[in-house]
Amino acid sequence: MISSDYSPPSDPLDVIHEDSELLLVNKPAGLLSVPGKGPHLADCLISRAQQVFPTALLVHRLDRDTSGVMVFALTKSAQRHLGLQFERRHTKKTYMALVHGEVQGKTGEIHLPMVVDWPNRPLQHVNFEHGKQAVTQWRRGAVKDGTTRMRLSPHTGRSHQLRVHMQAMGHPILGDPFYSDDADLYPRMMLHAESLKLRHPQGGRAVEFKAKVPF
Numbered sequence: 002m003i004s005s006d007y008s009p010p011s012d013p014l015d016v017i018h019e020d021s022e023l024l025l026v027n028k029p030a031g032l033l034s035v036p037g038k039g040p041h042l043a044d045c046l047i048s049r050a051q052q053v054f055p056t057a058l059l060v061h062r063l064d065r066d067t068s069g070v071m072v073f074a075l076t077k078s079a080q081r082h083l084g085l086q087f088e089r090r091h092t093k094k095t096y097m098a099l100v101h102g103e104v105q106g107k108t109g110e111i112h113l114p115m116v117v118d119w120p121n122r123p124l125q126h127v128n129f130e131h132g133k134q135a136v137t138q139w140r141r142g143a144v145k146d147g148t149t150r151m152r153l154s155p156h157t158g159r160s161h162q163l164r165v166h167m168q169a170m171g172h173p174i175l176g177d178p179f180y181s182d183d184a185d186l187y188p189r190m191m192l193h194a195e196s197l198k199l200r201h202p203q204g205g206r207a208v209e210f211k212a213k214v215p216f
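Per the numbering used here, the sequence shown starts with residue 2, numbered consecutively.
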């Protein structure tokens, strides 16, 4: 649930790449990917993108509090092509996060099925009976002052997957308003979509797009 005091950042549209088929944008934290319910939630990344690129079409989403690389299609055929890549898990997404505590080990893989927590939606939770498969690979980065930098690669695309998996691992993401209790201590949630690899709809060549980590 998004409160009525939604006040997204006014950052100008940060275009990473654009051609005849694709538009890649660096989404700021605090901005919805698509409109919410009600006129107060109308401001979002796709509406801002369409002001500059009127044919921009939705392919995927990032959580409001996550920043980083988002791709839009600029033609219907590109939207279908990209949609199938996401559906078939042919894309590769890499995120950077800062989490609570000192993570043990250098790398790992989390297999914890997830489902919406209906009494508390839009929260999600781990559920071995009703949850859908959710897999995240992780690699530990620098450890400093009781926090750890983590590179996260989701193999599945469940809602809030990285946030729930980090919480379940005992290392919630700093500033997460849903799954950590320290949102007031940080200016934003420390989760950023750093890179996205996909096949270009025109010709099928492999391409990668990146957005600099802001924390």
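Glycine is no exception: its CB is placed at the ideal position from the N, C-alpha and C atoms.
Given a threshold of 16 other Cβ atoms within 10 Å of its Cβ, counted over all protein chains shown, does I3 qualify as buried or as exposed? As a position in the sequence shown, residue 3 is number 2, starting the count at 1. In this predicted model, I3 has a pLDDT of only 47, less than 50, meaning its place in the structure is not dependable; the value taken from the coordinates is given anyway. Classification for I3: exposed.
State the CB to CB distance for the pair R140 and T92, rounded to an integer number of angstroms; the pair is presumed to be in contact (CB under 8 Å). Counted from its first residue, the sequence shown places residue 140 at position 139. Counted from its first residue, the sequence shown places residue 92 at position 91. Incorrect: roughly 19 Å between the Cβ atoms, too far for contact.
Given that a residue counts as buried once 16 or more other Cβ atoms are within 10 Å of its Cβ, and exposed if not, what is H41? Within the sequence shown, numbered from 1, the residue matching residue 41 stands at position 40. Burial call: exposed.
Once the 5 residues before and after E234 are set aside, which same chain residues still bring their CB inside 8 Å of it? The shown model of the chain, from 2 to 216, leaves out residue 234, and the question about it has no answer.
My understanding is that L58 touches C45, with C-beta atoms under 8 Å, so please give their C-beta distance in whole angstroms. Numbered from 1 along the sequence shown, position 57 holds the residue referred to as residue 58. Numbered from 1 along the sequence shown, position 44 holds the residue referred to as residue 45. Contact flag wrong, Cβ pair sits at about 14 Å.
Roughly how many angstroms lie between the CA atoms of V16 and F210, to the nearest whole one? On the sequence shown, residue 16 is found 15 positions in, with the first residue counted as 1. On the sequence shown, residue 210 is found 209 positions in, with the first residue counted as 1. Those two C-alpha atoms are separated by around 11 Å.
Identified DSSP bridge partners for K198: The sequence position of residue 198 within the sequence shown is 197, counting from 1. Paired residue(s): K93, E209.
In terms of alpha-carbon separation, which member of Q86, S196, E195, L175 lies closest to L186? What you label residue 186 is simply residue 185 of the sequence shown in a count that begins at 1. Taking only the C-alpha atoms, the option nearest L186 is L175.
Decide if the stretch 146 to 154 is in contact with the stretch 97 to 106; the criterion is three or more beta carbon pairs, one per stretch, under 8 Å apart. These segments touch.
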